[in-house]
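To start, the structure itself, in structure tokens.
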Amino acid sequence: MVNLELFNIVEEEVKKVSDAFVNAENACESAILPVMLSSKLLPEMKTDDNVQREQLLQGVQNLPILMQIERL
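Spelled out as structure tokens, the structure:
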């Protein structure tokens with residue numbers, strides 16, 4: 000079973016880093032690429048994100064917790 004608390008912590012940390020990168024690197028392109036700076040995912044992007052999350056969880060659910068930490 001996947002340690003969901005650990006997964007949620009890692010996911011939140013990745014979101015913080017991703018948001019900082021998008022804001023810093025693409026600020027000059029905001030007029031050209033408004034979708035990249037959007038705080039919400041497009042429906043098709045959200046579907047892809049959910050599929051990838053499920054694949055990740057299925058890939059680590061049978062591993063011991065220490066190996067889950069390494070994989071995440």
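With numbering that gives the first Met the number 0, letter number 46 in the sequence shown gets 45, and the count goes up by one each step, no holes. The C-beta atom is built at its ideal place from N, Cα and C for all residues, glycine as well. Predicted model only: the values in this text are computed from it and were never measured.
Asked	Found
From which residue to which residue does the alpha helix (DSSP H) around leucine 65 run?	64-70
Going straight from the alpha carbon of leucine 3 to that of glutamine 54, what length do you get?	14 Å
What's the gap between the Cα of methionine 66 and the Cα of glycine 58?	11 Å
So, at 8 Å on beta carbons, what are the nonlocal neighbours of leucine 40 in its own chain, with the 5 sequence-adjacent residues on each side left out?	Asp48
Where does asparagine 7 fall in DSSP's three states?	helix
For a test of the three-state rule: what should DSSP assign to glutamine 60, helix, strand or coil?	coil
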